[in-house]
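The following block contains the structure:
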């Protein structure tokens, strides 16, 4: 019995087979760096965001004059305030569903994957950074220009102006969704750079902070305008001092460049490994059969 | 007799080999995606910084004065180009940061002016046209290319940024400084635009413009403003350097060191 | 998820269906969101008239009326002391162009110096620009307080075959159309600068294998920051320098030549002008009475506001109450005529009899509460329970007297 417990050298633990290395199938046109492959979402997602912005802009072309001018009317309630609800609900639901999908599918992914697959994931990651970048343009340039213009057509009478609604209540929170979602994708798909064991990266800390603080700044903005803070809120001076935090928080988005930098460095590592493998597997030149002279 | 052998800079050769090395996965699509997608955030950052620090002066011809416009705008608009100059020189050794920012900003401002100011609220484009920073960007990038120094670019580049900005936009502004008699008062065409095209929430007194200097230094007001604008621009350049060094590239220094 | 989509679509479809319904007849421009005390205590408006309600592009309409910066101007606006004002128009975009503005008969192209208690008879000439149906208000903007809006009116602008023009004559005799003046230079020069910028950027990013971007990080990382490696490393070549010098040279030449050309072509230019005026005093108004309000009682069950004012007739003729004005609303004594437009309503006056010369009489005007509530002028639940406005009285010769009154609001119940 003792022999059974301690076992004998003949009883060796069966060899554990190394987990299979996942390599995506090689489909022409859908490779890691093909437009229809790794870059697909990098093209589609910015187009979706731009399309959404344009669709709202077209809606405004019909619905602002005269129904967007007086926030005390029933028209305004149904055509604009309800849009706030729709946008916030929409962003909220999309956020929950998307983040959940990233995390759930991330857990199911194979632990080992080929370099091709990692390159594909980095391409997808760049696509998500691109979407975040486009969202930052829409929230920090496209709508603010309209905001400045629209304030010349009426006296501001609500925080929910026709320009504020898509800006502050759709694209600002969507920026948070995209930034955090991009991080979750990196954490689950590119562990070499953003894996949990690497700690929380400064690059994402800055980018996510930018999007979150921008949302928080909306509250200060509306407060400043409503209390005529420092005799400055009742008139539409765009460079008013309580707008400046929008800029300062926006500067934090500089961290987005570090995302490109970190993943480029990872691509170099992958390329070096690939080159080393190619060198190792290259057919060795046949030994010379002639003696040196 | 020994013949002189040309010295070979082995280090330069090694770097050149690295620069020209072919890659399996890194193709031109990566470059394309970087330049195109980064353009959105760069344009947005430049636009929001300009809009909320100095936007009013750019929205309207009747704000583009000779005292405040030139003092505040160079400062507000050099920050992001400075950051991009650092990033693109540090990362790619390309003298493109200022021009890239100016081009992205051009698209952002003109999309805004046309889509929102002209077609949304129907202001005429000759009243709400945007300034251009592209000539200033090109010259400032040239300064970086030639000097390879951020200190020199901060000093000389700020001067070129301010001067080029002023000269290139003054070309477009001069027609609106022609005098006319309107309501029996001598005003400029820009003033007439501001009076005529009614802005519900930009009453005329809101303009932070020259109210007639107490001392015009024999009509040198413009040049004093340009000089002070240059000084502020140097300060703005420094802020941009902080953004580029600490926030954009800083987070990856730990990885860069391994190289 | 599906339920959310259905609910959202239903809400949006409902909104779309409402688009077919005409907007509410009173179309404010945001003034309803200003607190009651702001609108009641700050500016009084009367006799606001639009000379036309329908016109073609390029035709003019005159917007006239009187605005008074009331003695009851709130202490928390412009530090209680309005100093700089600007008569303007609130319109949904640049639908009209203002071509003339007189205050008390004086041309006032820009802002003017104002003060509490002053009366301004304004006359703004608006040239129709953009075809459509637009709601237009006169307004007075006061520095550090924002815009106070007067009663508005829908105006129809019909298109004209020639389109809109805004002709003026420069001091050098040249006739220009402000609407299009200089546009070619702005768009053309901007486009040229874009070409130059794209030239620089495309040069550095596009050509073949030599201008790859992200692969350069590896090399750039090994070089000191103030070095580019020179031709040996080939990151930046002599050819690159020459090309950049060319582009920058073209840019400098274009800028300098353009600047010189513009300075010569548009010579005689002057800086932007700041031309603020002090309007002359308005013609003295009739002083027929002095009035002091003693109470404003709001009765929720009857939904009425009663403003009780002690009026002393200091003239030699009997006087009657014509109207009470508050915010941009006018409440008319029925004996004074019927209300017109969206900003005039009726009130009850008690007693109806004229006030004899030398007599003092407590006059009660009863105002419908629903009108005040719809206009957010009943400050219930706000931080200042105050009612203010202008009481108009007139004698049998048509001389009108305007007294500013203010009193506390006292609801009979909550």
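Protein chains in written order, with our numbering: chain Y, 8 to 300; chain C, 222 to 480; chain U, -14 to 399. The beta-carbon is built from N, C-alpha and C at its ideal position, and this holds for glycine as well. Predicted model only: the values in this text are computed from it and were never measured.
Contact between residue 236 of chain C and residue 214 of chain U holds: their C-beta atoms lie close to 6 Å from each other, under 8 Å. Straight-line measurement puts the Cα of residue 341 of chain C at about 10 Å from the Cα of residue 65 of chain Y.
Considered as a whole, the segment 247 to 299 of chain U harbours 274 to 284 and 289 to 298 as its complete beta strand (DSSP E) runs of no fewer than 3 residues, in chain order.
Across the set U:271, U:319 and U:173, the C-alpha of U:271 shows the shortest separation from the C-alpha of residue 382 of chain U. Here residue 75 of chain U really is in contact with residue 132 of chain U; their C-beta atoms are around 7 Å apart, less than 8 Å. Rounded to whole angstroms, the separation of the alpha carbons of residue 66 of chain U and residue 209 of chain Y is 51 Å. With respect to the 8 Å criterion, residue 36 of chain Y and residue 43 of chain Y are classified as neighbours on the basis of their beta carbons.
Around residue 202 of chain U, the beta-carbon contacts reaching into chain Y at under 9 Å are 268, 271, 272 and 275.
Three or more pairs of CB atoms, one per stretch, sit closer than 8 Å, so the segment 237 to 254 of chain U contacts the segment 386 to 399 of chain C. Nearest to residue 332 of chain C by alpha-carbon distance, out of Y:71, Y:257 and Y:153, is Y:153.
Cβ-Cβ distances below 7 Å link residue 98 of chain Y to 177, 180, 181 and 184 in the same chain, with the five nearest sequence neighbours on each side left out; the list follows chain order. The Cβ atoms of residue 256 of chain Y and residue 124 of chain Y lie no closer than 8 Å to each other. With fewer than 16 neighbouring CB atoms inside 10 Å of its own CB, residue 107 of chain Y falls in the exposed class.
The criterion of a C-beta distance shorter than 8 Å is satisfied by residue 425 of chain C and residue 96 of chain U. Counted as a single uninterrupted DSSP element, the stretch harbouring residue 39 of chain U is not any alpha helix (DSSP H) but the beta strand (DSSP E) occupying residues 39 to 41. For residue 281 of chain U, the number of other beta carbons within 10 angstroms of its own is at least 16, and it is reported as buried. Cβ-Cβ distances below 6 Å link residue 262 of chain Y to 210, 213 and 214 in the same chain, with the five nearest sequence neighbours on each side left out; the list follows chain order.
Annotated three-state conformation of residue 428 of chain C is coil, per DSSP. What residue 159 of chain Y touches in chain C, judged by beta-carbon distance under 7 Å, is 342, 420, 421, 422 and 423, going in chain order. Of C:408, C:295, C:471 and C:420, the smallest CA-CA separation from residue 384 of chain C is found for C:295. Chain-order list of chain C residues neighbouring residue 258 of chain U: 406, 407, 408, 409 and 412, by C-beta distance under 8 Å. Cβ contact annotation for residue 45 of chain U (same chain, cutoff 6 Å, sequence separation greater than five): 110 and 112, in chain order. Under the DSSP assignment, residue 282 of chain Y falls outside any beta strand (DSSP E), being part of the alpha helix (DSSP H) whose first and last residues are 262 to 288. At least one CB of chain U lies nearer than 8 Å to the CB of residue 76 of chain Y. The C-beta of residue 136 of chain Y comes closer than 8 Å to at least one C-beta of chain C. Below 8 Å, too few C-beta pairs join the segment 243 to 252 of chain U and the segment 353 to 367 of chain U to call them touching: fewer than three. As the crow flies, the alpha-carbon of residue 137 of chain Y is around 22 Å from that of residue 466 of chain C.
According to the DSSP assignment, residue 60 of chain Y belongs to the alpha helix (DSSP H) that extends over 47 to 70.
Comparing alpha carbon positions, the residue from Y:114, Y:285, Y:282 and Y:243 closest to residue 202 of chain Y is Y:114. Spatial neighbours of residue 281 of chain Y in its own chain (CB-CB distance under 8 Å, excluding positions within 5 residues in sequence) are listed in chain order as 122. Residue environment analysis places residue 298 of chain U among the buried positions, since at least 16 neighbouring C-beta atoms fall within 10 angstroms of its C-beta. In this chain, the beta strand (DSSP E) harbouring residue 70 of chain U covers 69 to 75. Inside the segment 168 to 204 of chain Y, DSSP marks whole alpha helix (DSSP H) runs of 4 or more residues at positions 179 to 196 and 198 to 201, from first to last along the chain. Within the segment 254 to 266 of chain Y, those residues whose Cβ lies closer than 7 Å to any Cβ of chain C are, in chain order, 254, 257, 258, 259, 260, 261, 262, 263, 264 and 265.
Residues of the segment 234 to 257 of chain C with a C-beta atom less than 8 Å from some C-beta of chain U are 234, 236, 237, 239, 240, 241, 242, 244, 247, 249, 251, 252, 255 and 256, listed in chain order. In the structure shown, residue 162 of chain U falls within a strand segment according to DSSP collapsed to helix, strand and coil.
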